[in-house]
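J.: For reference, the structure I am asking about is given below.
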Ligand SMILES: [Fe+2]
Ligand SMILES: [Fe+2]
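In structure tokens form, the structure reads like this:
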């Protein structure tokens with residue numbers, strides 16, 4: 038496996054510096070909610086923090102989801118590498134496996150910022166994407182066709198991650214968790230790069246070869262039919 042000297046992006050744990058900023062985010066919201074609480078006397082007690090704490094809870098749940106997904110990917114990507122034949126694709130997957138291992142740690146740093154111990158919750162969407170990747174690999178012949186299938190499956194995974202990290206980063210910003218937002222953005226950018234790299238691999242060789250292979254097979258089949266006449 039390659040070294041990632043150019044990618045020594047692992048940052049030091051962000052610590053709890055952001056705890057202070059959280060209270061200021063809550064503070065700015067209280068005046069907006071104030072009018073609401075007076076209109077509804079029964080709810081007035083905890084109302085100013087309600088929206089913020091609900092978003093906080095949602096943020097935490099989504100973090101558990103992507104944490105499970107990243108850990109599952111550290112096991113799924115090696116299977117894709119084993120099945121791939123294109124050097125370029127193998128290299129892209131190996132690089133992203135290393136990044137994914139760092140992303141697991143980054144999720145743990147975000148839990149630390151929240152003052153929580155890391156907890157994974159099964160992400161049904163990622164479980165489905167990984168299952169689909171396995172099916173696509175077993176249904177295709179090893180070589181360019183399976184390489185094309187791997188790229189397709191891997192890009193679906195990247196797009197799910199891009200959506201998740203984009204949301205998580207925005208939630209973190211809204212909650213005033215700036216250190217968490219920075220960590221999440223770092224991962225978001227890696228996911229975007231991985232997606233672009235896979236597009237490049239597909240465009241440069243694999244899809245063209247796969248198309249030629251499919252065409253060749255079709256022609257062969259046609260010839261056989263002709264001969265059989
Ligand atoms: Fe990831
Ligand atoms: Fe990824």
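Residue numbers (the working numbering): 38 to 266.
Where a beta carbon is used, it is the ideal one built from N, C-alpha and C, also for glycine.
1. Can you confirm whether the segment 116-127 touches the segment 235-247 when touching is taken to mean that 3 or more C-beta pairs between the two stretches lie within less than 8 Å?
2. Does DSSP classify residue 162 as helix, strand or coil?
3. Between which two residues does the alpha helix (DSSP H) holding residue 189 run?
4. State yes or no: is the C-beta of residue 140 nearer than 6 Å to some heavy atom of ligand 1?
5. Between residue 223 and ligand 1, is there a pair consisting of the residue's CB and a ligand heavy atom that are separated by less than 6 Å?
6. Need the endpoints of the alpha helix (DSSP H) that residue 227 sits in, please.
7. What residue from 232, 198 and 209 has the CA that sits closest to residue 141's CA?
8. On the DSSP letters alone, give me the boundaries of the alpha helix (DSSP H) that residue 129 sits inside.
9. May I ask you to check if the CB of residue 107 is nearer than 6 Å to at least one heavy atom of ligand 1?
10. How many Å lie between residue 268 and residue 102 at the Cα?
11. Near residue 167, what residues of its chain come up, given a Cβ to Cβ distance below 8 Å and the 5 sequence neighbours on each side ignored?
12. Which class does residue 157 belong to by DSSP, given the choice of helix, strand or coil?
13. Let me know if residue 234 comes out buried or exposed under the rule of 16 or more other beta-carbons within 10 Å of its beta-carbon.
T.: Answer, in terms of the structure:
1. Yes, the segment 235-247 is in contact with the segment 116-127.
2. Against the chain shown, residue 162 aligns to sequence position 125. Residue 162 carries a helical assignment under DSSP once its states are collapsed to helix, strand and coil.
3. Working through the chain shown from its first residue, we reach residue 189 at position 152. Counting along the chain, residue 189 sits inside the alpha helix (DSSP H) bounded by residues 181-211.
4. Taking the chain shown and counting its residues from 1, one reaches residue 140 at position 103. Within the cutoff, so yes.
5. By one-based count along the chain shown, residue 223 stands at place 186. Every heavy atom of ligand 1 is 6 Å or more from the Cβ of residue 223, so no.
6. Locating residue 227 in the chain shown gives position 190, where the first residue counts as 1. Looking at the DSSP string, the run of the alpha helix (DSSP H) that includes residue 227 is 215-238.
7. By 1-based counting over the chain shown, the position of residue 141 is 104. Just measuring C-alpha positions, the residue of 232, 198 and 209 sitting nearest residue 141 is 198.
8. In the chain shown, the residue the question calls residue 129 occupies position 92. Per DSSP, residue 129 belongs to the alpha helix (DSSP H) from 124-151.
9. Counting from one through the chain shown, the residue named residue 107 turns up at place 70. Correct: residue 107 has its Cβ closer than 6 Å to ligand 1.
10. Since the first residue shown for the chain is 38 and the last is 266, residue 268 is missing from the structure and cannot be characterised.
11. Numbered from its first residue, the chain shown carries residue 167 at position 130. In its chain, beyond the 5 residues on either side, 109, 110, 113 and 194 have a beta carbon closer than 8 Å to the beta carbon of residue 167.
12. One-based indexing of the chain shown puts residue 157 at position 120. Coil.
13. Position 197 of the chain shown, counted from the start, is the residue given in the question as residue 234. The Cβ neighbour count for residue 234, taken over all protein chains shown within 10 Å, is at least 16; the residue is labelled buried.
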